[in-house]
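Numbering (my numbering), first residue to last: 26 to 285.
Contents: one structure, followed by commentary.
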């Protein structure tokens, strides 16, 4: 089981993988399944029906798998699933889901900085960064490589697209399109494309150029969402450019409305 401090409490039915380290005064609940090579710091609580992959790090005071902060929750059996190589910094809180058999899902290679809150039924994909005190309400989806600044708050059921970047202290109440930046306190606005992130990710110039055309049509033409999508499809061969295809599909599938 690895190195477990003598003051740590691990319930007998918990399943702990190989080479795990569990620090002083931490608690691992009876329904936790933990893979290999995880590191649990001091005063960490991992509870609920929580399944954890391998290579994750949980820092002091993190509370993982806690009950949802939702008055509808009635004790039903729900879950939290965590992938591999995530970092949960000090005092991060992640809730299990609401609804019989439902899951809160966290992928792999994500960073949750100090005091981040992830509420019930959230879905967080891979390589996502949430800076200090960022807060997700229930049923929020963060796609791959999204970044939330410190103290940003995301309303329930909002989706934040891949490679998007949200400024600190922002209040996000509508879906944020992929590859975009957004910022604002009382009134958040789309600021442009995340060109720095796209460049660092190594996307080719032709694809980025096509995405810029799609962005201008969608955000600057003053067309309705559906008319803007139609115009993009008329102007660009969407099927051949994945960046634009993702952009269009996200817009089509938005239920909450898109931040523009």
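Beta carbons are placed, not taken as given, at the ideal position from N, Cα and C, and that holds for glycine.
Item: Nearest candidate by alpha-carbon position, reference residue 155, set 121, 138, 104; Value: 138
Item: Cβ neighbour criterion (16 or more within 10 Å) applied to residue 206; Value: buried
Item: Span of the beta strand (DSSP E) around residue 74; Value: 74-77
Item: Inter-residue Cα distance where the pair is residue 42 and residue 89; Value: 17 angstroms
Item: Span of the beta strand (DSSP E) around residue 91; Value: 88-91
Item: Minimum C-alpha distance to residue 254 - residue among 235, 232, 277; Value: 277
Item: Reduced DSSP secondary structure (H/G/I, E/B, other) of residue 284; Value: coil
Item: Inter-stretch contact (C-beta, 8 angstroms, three-pair minimum) for the segment 165-184 and the segment 108-123; Value: no
Item: Neighbourhood of residue 222 by C-beta, 8 angstroms cutoff - its chain only, sequence neighbours within 5 removed; Value: 170, 172, 188, 190, 204
Item: Own chain residues within Cβ distance below 6 angstroms of residue 72, not counting five before or after; Value: 54, 90
Item: Cβ-Cβ distance between residue 247 and residue 261 below 8 angstroms; Value: no
Item: Whole-Å CB distance - residue 128 paired with residue 160, under 8 angstroms assumed; Value: Rounded, the Cβ-Cβ distance is 20 angstroms, inconsistent with contact.
Item: Per DSSP, cross-strand counterpart(s) of residue 59; Value: 41, 77
Item: Euclidean distance between Cα positions of residue 263 and residue 270; Value: 5 angstroms
Item: Residue 48 and residue 67 closer than 8 angstroms at C-beta; Value: yes
Item: Beta-bridge pairing of residue 200 - partner residues as DSSP gives them; Value: 283
Item: Member of 217, 201, 184, 251 whose CA lies at the smallest distance from the CA of residue 165; Value: 184
Item: With 16 other Cβ atoms within 10 Å as the buried cut-off, status of residue 234; Value: exposed
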